[in-house]
Amino acid sequence: MATGNAYFDDIRCNPEVVDPPRNEDLMDVDEYGDDSAQMALKPKVTVSSILHELLQCPVCSKAMYPPIHQCSTGHTLCSACKPRMHNRCPTCRHELGNIRCLALEKVAASLELPCKYQSFGCMGIHPYYSKLKHENQCVFRPYNCPYAGSECTAIGDIPYLVTHLKDDHKVDMHSGSTFNHRYVKSNPHEVENATWMLTVFSCFGQYFCLHFEAFQLGIAPIYIVFLRFMGDDNEARNYSYSLEVGGSGRKMIWQGVPRSIRDSHRKVRDSLDGLIIHHNMSLFFSGGDSKELKLRVTGRIWKEQ
Ligand SMILES: [Zn+2]
Ligand SMILES: [Zn+2]
Ligand SMILES: [Zn+2]
Ligand SMILES: [Zn+2]
């Protein structure tokens, strides 16, 4: 079972401030001597796409970052692929040696490129070497499908994923900030690893995923209920939620902060960041006859001031 460390790792990172878009040219063509006048007439997209191609490793097709290596003939490749090629140039089979391609590294340093999530709405332009760092934290980067238990590969922005959950996973949709759910299971002593349920709530103009899941801890089934926010972590922190489960005169109450769906369902579950109901308690709450699991979970979401 994972520890709480993963959780603390998460809340530590602040989203990077996105640089405002600049109106400068993508590159300074004046440095290119006699051809500069001619090149300046061409669309800049072409110049930058040629450079883009030059900076692509011929082996792994990823963008190359220093140290960029080259063979004695001048073919380039990235530092990750060099050891994998057993020191042979993948293009001409000559020995690679240890030659760095400083010229290409300098050209790369002069480049400013749009974020790869431009089509998702990011207008950021970034220096080549910091572009990757930005993209890893770009607020426009698409989200993974929050549906648990399947290997769904759908990605997109929140409106897209809401439609996807509704249409492709047939997830229950509710509007409002309070809820009252019943989870019924015929054999409470057995738990398959993939017992999970997802309900989506819309309130405060946002979407929240309520997860109910059974999993095995030691020899006994355990239940966890938690909420995830469909958006980034900094926004998720503006909300709180409470969950309540009870029966036979007993009651458990949980109050928490919804986790962003940037954190996988599994990561949240493994950090136990939700209402945990142990097996014996779940039987009390179900009415005590041990024949059926009948949990009634009520909850509320609110916005912090
Ligand atoms: Zn490579
Ligand atoms: Zn070569
Ligand atoms: Zn971006
Ligand atoms: Zn999906």
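Numbering (our numbering), first residue to last: 15 to 319. Built from N, CA and C at the ideal position, the CB exists for glycine as well.
| query | result |
| --- | --- |
| Beta-carbon contacts of L289 that lie in its chain and below 6 Å, excluding the five residues immediately before and after | V239, L257, W268 |
| Alpha helix (DSSP H) segment containing Y142, residue limits | 142–151 |
| Contact set for L241: own chain, Cβ-Cβ below 6 Å, skip 5 residues either direction | F222, L224, Y255, P272 |
| Beta-carbon proximity check, Q70 vs C115, cutoff 8 Å | no |
| Cβ-Cβ distance between P104 and L118 below 8 Å | no |
| Sequence ranges, alpha helix (DSSP H) only - wholly within the stretch 149–186, length at least 4 | 172–182 |
| Own chain, CB closer than 7 Å to S200, minus 5 neighbours either side, in chain order | E306 |
| DSSP state of L241 mapped onto helix, strand, coil | strand |
| Own chain, CB closer than 7 Å to Q132, minus 5 neighbours either side, in chain order | none |
| Inter-residue spacing [alpha-carbon to alpha-carbon] between G18 and R280 | Low confidence applies here, because G18 scores a pLDDT of 34, under 50, leaving its location unreliable and the question unanswered by this model. |
| Proximity test, C115 beta-carbon vs ligand 1 heavy atom, cut-off 7 Å | no |
| Which listed residue (D246, I233, V259, H183) has its alpha carbon closest to that of F193 | V259 |
| Helix, strand or coil at Y46 according to DSSP, with G and I counted as helix | Interpretation of Y46 is limited by its pLDDT of 37, a score under 50 that renders its predicted location unreliable; no figure is taken from the coordinates. |
| Distance between D182 and G170 (C-alpha atoms, nearest Å) | 14 Å |
| Beta-carbon proximity list for H148, same chain, < 7 Å, skipping 5 on both sides | E30, C129, G138, H140 |
| CA-to-CA distance, L127 to H89, given in whole angstroms | 24 Å |
| Where S86 falls, given that 16 or more other Cβ within 10 Å makes a residue buried | exposed |
| Assigned exposure category for L110 - 16 Cβ within 10 Å defines buried | buried |
| Buried/exposed call for C293, threshold 16 Cβ in 10 Å | Contrary to the premise, residue 293 reads as His rather than Cys in this sequence. Buried, since its Cβ has 16 or more Cβ neighbours within 10 Å. |
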